[in-house]
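Below you'll find the structure, written out as structure tokens, and then a few comments.
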Amino acid sequence: MNRTLPAGEFTLIRDHFSHGFPRSRDTLLGVGDDCSVIMPRPLCDLVQSIDTQVADVHFPANAPADLIAQRALRCAASDLAAMGAEPQGFHLALTLPDADADWLADFSRGLREAADALNLDLLGGDTTRGAQLVISISVQGWVTTGTALTRSGARPGDDVWISGSIGTAALALPQVLEQPADYSGLAHAYYFPDVQLPLGQALTGKATACMDISDGLLQDAAHIARASLVSLELDADAIPTAVASDDPRWAQCLNGGDDYQLLFTAPASLRRTLQNMEGTPLSRIGKVTTAGSDTVTLLRNNNPMPLPERTGFQHF
0 MNRTLPAGEF TLIRDHFSHG FPRSRDTLLG VGDDCSVIMP RPLCDLVQSI DTQVADVHFP
60 ANAPADLIAQ RALRCAASDL AAMGAEPQGF HLALTLPDAD ADWLADFSRG LREAADALNL
120 DLLGGDTTRG AQLVISISVQ GWVTTGTALT RSGARPGDDV WISGSIGTAA LALPQVLEQP
180 ADYSGLAHAY YFPDVQLPLG QALTGKATAC MDISDGLLQD AAHIARASLV SLELDADAIP
240 TAVASDDPRW AQCLNGGDDY QLLFTAPASL RRTLQNMEGT PLSRIGKVTT AGSDTVTLLR
300 NNNPMPLPER TGFQHF
């Protein structure tokens, strides 16, 4: 039987979210007041992002609460990796259909474990009652002034790179929907995306454009092309995917999303440097071609391939 919490939003916050999270040296005041107070770092820019996940849209509503929390914070923190930022902290806004004590205990445990892994301080937030479970997480971090990685710096002649492999989380979706509590095999990548924070920081000063792959490689590559006003050519055979290109699920690896790997461009002169970087394997998957346009072309044996009708996830 589920236990209902004693009445009161502040009891909920005190019992589940006021302790056990990593502490940032920049945080002067965190959970428990009207605002958090952060001491700015000298010669640094503060980068911020917010991510919202809705039950039965971004995750199964009946998934274990600790897995929901792990996924929510990791997905949000991936935006910091894409900017090359050092994590500082996060705010949590939680809309709950009811205040179930057991669910909240599991959720806060998963959140603490993810926060420890990502070195993110819980700075505060808000809790409300609503018809559907909704989790909004804002994250923030530091970059040296003027060095944040963006989507808009790709130049003709740059190489296109990707970290890790793509498609695992997308292919895990049938398993996740059928057995939400099972995070073995492919489903581990869905619930525990490997946030590329060290890589993002290592790419500062090397990558000319960067973003994380959340909605699908093809769609996200188009974001870089559009922001940088360049065309990208991608080599289908060079893209590391969860299944081989003759597998009927291969196209899903390119447009399924939920990868949270980094897609970036860099000068061709840095090929050897990038190939020899430690950590997550990097693959050179294409090149930046002409300026003044914003197209993405998928090639096989130098011949254009038809793109799927759906190139990535969209809400609307």
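When the letters of the sequence shown are read in order and numbered with numbering that gives the first Met the number 0, they come out as residues 0 to 315. Even for Gly, the Cβ is constructed at its ideal location relative to N, Cα and C.
query, result
"Taking DSSP as the reference, what is the three-state secondary structure of His57?", "coil"
"For my contact list, Ala80 and Asp105 are in at a C-beta cut-off of 8 angstroms; report their separation, rounded to the angstrom.", "Not quite, the Cβ-Cβ distance comes to about 26 angstroms (not below 8 angstroms), so this is no contact."
"Under a three-way DSSP split, which group does Leu95 fall into?", "strand"
"Relative to the C-alpha of Gln131, which candidate in Asp120, Ala98, Leu110 has its C-alpha closest?", "Ala98"
"Could you tell me which uninterrupted alpha helix (DSSP H) segments, each at least 4 residues in length, are contained entirely in the region 117 to 200, listed from first to last along the chain?", "167 to 177, 186 to 190"
"Could you have a look at His90 and say whether DSSP puts it in helix, strand or coil?", "strand"
"Between the Cα of Gly88 and the Cα atoms of Leu202, Thr240, Arg73, which residue gives the shortest distance?", "Arg73"
"Since Cys329 is in the alpha helix (DSSP H), which residue starts that stretch and which ends it?", "Nothing in the structure corresponds to residue 329, since the chain is present only between 0 and 315."
"Under a three-way DSSP split, which group does Leu228 fall into?", "coil"
"Return the bridge partner residues of Pro303 from the DSSP annotation.", "Leu298"
"DSSP has Ile37 in a bridge; who is on the other side?", "Thr26"
"Tell me the rounded alpha-carbon separation between Ser162 and His222.", "17 angstroms"
"Count the other CB atoms, across all protein chains shown, that sit within 10 Å of the CB of Asn300; report buried if there are 16 or more and exposed otherwise.", "exposed"
"Suppose you measure from the CA of Ser107 to the CA of Trp160; what does that come to, to the nearest Å?", "36 angstroms"
"DSSP state of Met82, grouped into three classes?", "helix"
"Return the bridge partner residues of Phe263 from the DSSP annotation.", "Trp160, Cys209"
"Please decide whether Tyr189 counts as near chain B, where near means a Cβ-Cβ distance under 8 angstroms.", "Note that chain B does not occur in the displayed structure, where there is just one protein chain."
"How about Val133 and Thr94: are their beta carbons less than 8 angstroms apart?", "yes"
"Which of helix, strand or coil does DSSP assign to Glu308?", "coil"
"Flag this pair as yes or no: are the beta carbons of Ser164 and Ser77 separated by less than 8 angstroms?", "no"
"Should the region 170 to 184 be regarded as contacting the region 228 to 236, the criterion being three or more beta carbon pairs within less than 8 angstroms?", "no"
"Is the CB-CB distance between Leu262 and Ala220 below 8 angstroms?", "yes"
"Go through its chain and collect everything with a Cβ distance to Leu185's Cβ below 7 angstroms, but skip five positions before and after it.", "Thr167, Leu170, Ala171, Gln174"
"May I ask which residues mark the beginning and end of the alpha helix (DSSP H) holding Thr272?", "270 to 274"
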